[in-house]
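With the numbering used here applied, the sequence shown corresponds to residues 458 to 838, in that order.
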Amino acid sequence: MKTLILGGGVGGHVTANLLRKKLDKEHEVLLVDKKTQYEFSPSFLWATMGWREPSQITRNLSLLEEKGIRFINAEVLKIEPSARSVKTSAGEFTYDYLVVALGAELAPYAIPELSGEARHFYELEASIKLKDAVEGFSGGTISIGVSSTPFKCPAAPYEAALLLDYHFRKRGIRDKVNFQFFTPEPQPMPVAGPRIGGMIRQMLEARGINYHPNLKLASTDLKKRELYFEKGEKIGWDLLVAVPPHRVPNVVKEAGLTDGAPWVPVDKWSLSTKYDDVYAIGDVALIKLFDAMALPKAGVFAHGQAKVVAYNIVADIQGGEEKRFNGKGNCFIETGFGKAGFADGEFYAEPRVVNIKRPRISRIWHWEKILFEKYWLWRWF
Ligand SMILES: Cc1cc2nc3c(=O)[nH]c(=O)nc-3n(C[C@H](O)[C@H](O)[C@H](O)COP(=O)(O)OP(=O)(O)OC[C@H]3O[C@@H](n4cnc5c(N)ncnc54)[C@H](O)[C@@H]3O)c2cc1C
């Protein structure tokens, strides 16, 4: 049997490793990615802060070959579920099982003028460019925020604001920096509920970061360096940092896997799509929770889903009982000063249960995150 995995990020990488470990050698495992390197995104903001060099948080995907996984460095061009075939820039591949783990694609800003102007930290290269901009910044207004939802890692823009605040305090010029945070969300991390959202908002405000929820970007004036929002609000900037819009990769949409939805609807327990032999995991997938909110786009879920899908493919081929994805996840929230918080949640529970662990903001969680980074890169490469 042949399993073809599209995407070598969190979900694809974990699926490939687990399948190779558990399946007999006669069964093939192939992984396609257009990049040559895996990049550990939870550390992108540490790269912006100058705490990580790219080489510390990237690994070559060709290392998969040493484990007996065939790595195809190519772009996926066409997925044809009815023919059980995928066209790539390196040729065509057939499959018995297909795992789509192509993530969320970053789209150009809806306001095209922002493309040359706004910085972000949603790719490693962009995070390094932001580092240069931050280091060269000596005072003025930093407008930081969310251009549209959904976006991956619901905590990331809030962490970015807190870490930038910390950066300028360390440089002794915080009093010269005015922070404005804008987002279309009604509160920070809506899926985590009002209590956690309120805590994050308080944290921002205690640090002098002005928080503006419910603001939908409408237009901009590059000369005046001003953002305009749908209800007439206006925010200026000297340095603009904006989470770019996210969208489902075109190749996934063209394959008919989205069925008119913005992402790929999947069975919330098995991650199967409308095709029995095609699974979609991680950011590309759409899982609606009991109150119609979507399961957030986060590596912790891509990882958990990869385990379930790998387990169930092995069970299908070699026998065994099926597993179900449980919707559990957690995340660190970096706050600067060598500290972080840690939240965990049961996202399939009704009502949802999301808690901030005690001690709420502590050095312990920052060190836990460092250990997690080291462990993850060691465990999977
Ligand atoms: C700054 C930042 C911080 C984050 N922090 C956390 C965190 O602390 N905890 C957490 O749980 N999550 C975090 N995340 C979110 C996490 O990175 C994603 O949710 C996770 O990577 C999703 O995994 P995935 O496998 O679905 O997709 P990805 O990891 O994005 O992988 C998709 C892969 O598909 C490849 N690909 C895409 N299109 C094609 C194509 N056409 N052809 C070939 N290859 C293609 C890409 O090159 C990529 O390697 C963070 C994200 C960011 C940006």
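Here a beta-carbon is modelled for each residue, glycine too, at the ideal position from N, C-alpha and C.
- Judged by their CB atoms, Ala575 and His703 are not nearer to each other than the 8 Å cut-off.
- Distance between Phe686 and Pro641, taken at the CA atoms: about 10 Å.
- Relative to ligand 1, Pro499 has its C-beta within less than 7 Å of a heavy atom.
- Where Leu571 is concerned, the enclosing alpha helix (DSSP H) starts and stops at 571–574.
- Burial state of Leu520 is exposed, judged by a 10 Å Cβ sphere holding fewer than 16 other Cβ atoms.
- Residue environment: Ala749 is assigned as exposed (fewer than 16 neighbouring CB atoms within 10 Å of its CB, all protein chains considered).
- Around the Cβ of Pro706, a 10 Å sphere holds 16 or more other Cβ atoms; the residue is buried.
- In this structure, Val557 keeps its C-beta atom at 8 Å or more from the C-beta atom of Val810.
- If only uninterrupted beta strand (DSSP E) runs of at least 3 residues are considered, those enclosed by the region 509–579 are 515–517, 527–530, 533–537, 542–545, 548–551, 554–557.
- The secondary-structure analysis by DSSP pairs Tyr732 with nothing; it has no beta-bridge partner.
- Membership of Asn707 in the alpha helix (DSSP H) is indicated by the continuous run 707–711.
- Here Gly739 carries a helix assignment [DSSP, helix/strand/coil].
- Judged by DSSP secondary structure, His669 falls outside any alpha helix (DSSP H) and instead within the beta strand (DSSP E) spanning 666–669.
- Each of Ala675, Ala742, Arg815 was checked against the Cα of Tyr566, and the nearest Cα belongs to Ala675.
- Two segments are said to touch when three or more pairs of C-beta atoms, one from each, lie closer than 8 Å; by this definition the region 739–756 does not touch the region 537–555.
- Residues of the same chain with a CB within less than 6 Å of the CB of Pro614, apart from the 5 flanking positions on each side, are Val603, Val700 in chain order.
- Taking every protein chain shown into account, the CB of Asn517 has fewer than 16 other CB atoms within 10 angstroms, so this residue is exposed.
- Scanning its chain for C-beta atoms nearer than 8 Å, with the 5 sequence neighbours on each side dropped, one finds around Lys796 the residues Ile818, Ser819, Arg820, Trp822, His823, in chain order.
- By the Cβ test, the region 666–682 is not in contact with the region 584–595, since fewer than three Cβ pairs between them sit closer than 8 Å.
- Taken atom to atom, the span from the alpha-carbon of Lys725 to that of Gly596 is near 47 Å.
- Phe804 is not bridged by DSSP to any residue.
- For Val811, there is no enclosing alpha helix (DSSP H); the residue is found in the beta strand (DSSP E) stretching over 810–813.
- In this structure, DSSP gives Ser600 an extended state, which the three-state scheme calls strand.
- For Ile462, the beta-bridge partners assigned by DSSP are Leu488, Val556.
- Taking C-beta separations shorter than 6 Å and ignoring five residues to either side along the sequence, the partners of Ser600 in its chain run Gln637, Ile692, Trp694, Leu697, following chain order.
- Straight through space, the alpha carbons of Gly593 and Arg836 are spaced by roughly 37 Å.
- The beta carbon of Tyr579 lies closer than 7 Å to those of Leu563, Val700, Pro701 in the same chain, with the five residues before and after it left out.
- Per DSSP, reduced to three states, the secondary structure at Ala755 is coil, with no helix or strand assignment.
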